[in-house]
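Residue numbers (this note's numbering), protein chains in the order written: chain A, 1 to 287; chain B, 1 to 156.
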Amino acid sequence: MRIPKFEYFSPSSIEEACSLLSKYKSEAKILAGGTDLFVKMKKKEILPKYVISLKKIKNLNFINWDEKEGLTIGPLVTHNDLVNNTIVREKYDFLAETCFKIGTRQVRNMGTLIGNLCNASPSSDLASPLLVLEAKLRTVSINGERVIPIEEFFVAPFKTALDPQEILVEIQIPKPPPSSSGSYKYIHKASSVGETLVGVAIFLKMDPQNLICEAIRIGLSSVAPTPIRAHMAEKFLIGKKIEEKVIKDSAEIVSSETKPRSRPWYRKEMSKVLFEEAIFSAMEKIK
Amino acid sequence: MKKRLIELKINGEYYEIAVEPQRTLLEVLREDLGFTGTKEACGTGECGACTVLIDGKPFLSCLTLAIESQGKEITTIEGLSKGNDLHPLQKAFIQYGAIQCGFCTSGMILNAKSILEENPKPSREEILKGLEGNLCRCTGYNKILEAILAVSEGEK
């Protein structure tokens, strides 16, 4: 299988990359890890005339931690970089675990988080944890910068809110508050790359004494045209003591918020099961 | 598209070659430089047959551009043995019958090498997790696992 021909650019600065992108717009594609881009090109699903590689641009593989602002991740950071990062493992353990689940050893070594988000697969494992962490995505173009909340980023299957001239240059993840934790539970297809059938991420802030839910966010992968939040279930849970009946009731609400396109019954049932597993696991970590 | 002159460092030797930008490292290794030990199977990054080591880490050469492989240490299966002296993993694969058709073997051995370099004493589970991106349709993986475990124990 061959990659169709293209003209290759390897700019040495983001500004240069932006000006190339403003010239070629949707005829160009940005290259980071290549694990999605080149597969799509080989299958002739997309045929960009120009490929703009970010690899010659210095300092794009940063993972920075700031006690006030939280975590920022650059566009050349691979899944493996995150798995091996001690700050990420400590502060966002479920994000590191999710990265370890993605693809295969080789894909984790090549593929980037930001590339995964830009591919905007409805079954993206990373999307749910980043949705519940309320990540923000910073973009640049020749017209300037903007910051997109991740919930507004996925607009349709494999479509993002990015303008053809924009480059996603940073993921910003707020610092988690005390007495909070996260969890991601999934089931996947029995295939070589284990594509996720249903994924449920939870971010929970709970009083460890009386188990009152102070904040909760629920993210769902692979159960709707895009990764989504389960806002109704979140509203239901706020202020309640998290116990069996409340968990069962909120699982029903989560399930009702899904819009699976295929295998709907199975996906709806499994979203309940995985939600329960995820919330139990998040609670355990706070107690 | 215009060809570009690039320099690749493969198994410690330098090769200068003119390539078009869309050509993968896999194609250049096999078709231009004769390193046919690197195999193409799925071509889409799922099977791991094309795995090579770049700066010691496993890469899918079918999804890596040759022009982006410059300035790095590329290791193919041909770079493991020293003359007639096989690498311990190669010896173990033979000894434990971990090779049948052999098509997955080079990717399997190179990935195994990187697994052991990262963690010289992996558990069975850690080896299997590491090999999830290398498909073998002959052996059922048991003999491959045994071979890798034998080498890891040998390094204790």
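Cβ atoms here follow ideal geometry from the backbone N, Cα and C, with glycine treated the same way. Because the structure is a prediction, the values reported are computed rather than measured.
Cβ of residue i within 8 Å of any chain B Cβ
| i | result |
| --- | --- |
| residue 109 of chain A | yes |
| residue 53 of chain A | yes |
| residue 4 of chain A | yes |
| residue 281 of chain A | no |
| residue 1 of chain A | yes |
Buried or exposed (CB count within 10 angstroms, at least 16 for buried), residue i
| i | result |
| --- | --- |
| residue 13 of chain A | exposed |
| residue 81 of chain A | buried |
| residue 62 of chain A | exposed |
| residue 264 of chain A | exposed |
| residue 143 of chain B | buried |
| residue 101 of chain B | exposed |
| residue 116 of chain A | buried |
| residue 184 of chain A | buried |
| residue 97 of chain B | exposed |
| residue 70 of chain B | exposed |
| residue 92 of chain A | buried |
| residue 124 of chain B | exposed |
| residue 156 of chain B | Caution applies to residue 156 of chain B, whose pLDDT of 41 falls short of 50 and renders its modelled position unreliable; the value that the coordinates give is listed next. Classification for residue 156 of chain B: exposed. |
| residue 86 of chain A | exposed |
| residue 146 of chain A | exposed |
| residue 190 of chain A | exposed |
| residue 117 of chain B | exposed |
Proximity below 8 Å, CB of residue i to CB of residue j
| i | j | result |
| --- | --- | --- |
| residue 201 of chain A | residue 128 of chain A | yes |
| residue 75 of chain A | residue 60 of chain A | yes |
| residue 17 of chain B | residue 26 of chain B | no |
| residue 156 of chain A | residue 148 of chain A | no |
| residue 45 of chain B | residue 63 of chain B | yes |
| residue 49 of chain B | residue 92 of chain B | no |
| residue 271 of chain A | residue 204 of chain A | no |
| residue 120 of chain A | residue 173 of chain A | no |
| residue 67 of chain B | residue 24 of chain A | no |
| residue 28 of chain A | residue 37 of chain A | no |
| residue 20 of chain B | residue 3 of chain B | yes |
| residue 261 of chain A | residue 225 of chain A | yes |
| residue 65 of chain B | residue 51 of chain B | no |
| residue 218 of chain A | residue 19 of chain A | no |
| residue 33 of chain B | residue 75 of chain B | no |
| residue 102 of chain A | residue 131 of chain A | no |
| residue 286 of chain A | residue 208 of chain A | yes |
Coarse secondary structure for residue i, derived from DSSP in three states
| i | result |
| --- | --- |
| residue 87 of chain A | helix |
| residue 224 of chain A | coil |
| residue 335 of chain A | The structure shown does not extend to residue 335 of chain A, since chain A spans only 1 to 287, so no value can be given for it. |
| residue 256 of chain A | helix |
| residue 90 of chain B | helix |
| residue 2 of chain A | coil |
| residue 203 of chain A | strand |
| residue 162 of chain A | coil |
| residue 82 of chain B | strand |
| residue 249 of chain A | helix |
| residue 176 of chain A | coil |
| residue 36 of chain A | coil |
| residue 213 of chain A | strand |
| residue 69 of chain A | coil |
| residue 9 of chain A | strand |
| residue 268 of chain A | helix |
| residue 13 of chain B | strand |
| residue 115 of chain A | helix |
| residue 142 of chain B | helix |
| residue 113 of chain B | helix |
| residue 195 of chain A | coil |
Any chain A beta carbon closer than 8 Å to residue i
| i | result |
| --- | --- |
| residue 60 of chain B | yes |
| residue 139 of chain B | no |
| residue 165 of chain B | Since the displayed chain B opens at 1 and closes at 156, residue 165 of chain B lies outside it and no answer follows. |
| residue 156 of chain B | Only weak support exists for where residue 156 of chain B lies, its pLDDT of 41 falling under 50; the coordinates are left without a value. |
Residue i CB to nearest heavy atom of the ligand PLP below 7 Å
| i | result |
| --- | --- |
| residue 81 of chain B | The ligand PLP is not among the ligands present in this structure, which contains no ligands whatsoever. |
Chain E within 8 Å of residue i, Cβ atoms only
| i | result |
| --- | --- |
| residue 226 of chain A | The question asks about chain E, but that chain is absent: this structure's protein chains are A and B. |
Residues of the segment 68-97 of chain B with Cβ closer than 7 Å to any Cβ of chain A, in chain order | Under the 7 Å Cβ criterion, the segment 68-97 of chain B contributes 68.
Can you list, in chain order, the residues of the segment 35-56 of chain B whose Cβ is nearer than 7 Å to any Cβ on chain A?
-> So the close ones are 43, 44, 45, 46, 47, 48 and 51.
With 7 Å as the C-beta to C-beta threshold (strictly closer), list the residues of the segment 4-25 of chain A near chain B in chain order.
-> 4, 5, 6, 7 and 8
With 7 Å as the C-beta to C-beta threshold (strictly closer), list the residues of the segment 28-40 of chain A near chain B in chain order.
-> 34, 35, 38 and 39
Below 8 Å between beta carbons is the criterion; list the residues of the segment 101-133 of chain A that meet it against any residue of chain B, in chain order.
-> Of all residues in the segment 101-133 of chain A, 103, 104, 105, 106, 107, 109 and 110 have a Cβ within less than 8 Å of some Cβ in chain B.
Interface positions of the segment 19-30 of chain B facing chain A (Cβ-Cβ less than 9 Å), listed along the chain = 20, 21, 22, 23, 24 and 27
Would you list, in chain order, the members of the segment 123-139 of chain B that have their beta-carbon closer than 7 Å to a beta-carbon of chain A?
-> 130, 132, 133 and 135
Identify each residue in the segment 104-117 of chain B for which the Cβ-Cβ distance to at least one residue of chain A is less than 9 Å, and report them in chain order.
-> 107, 111, 114 and 115
Closer than 8 Å, Cβ to Cβ, to anything on chain B: give me those residues from the segment 42-71 of chain A, in chain order.
-> 42, 43, 51, 53 and 55
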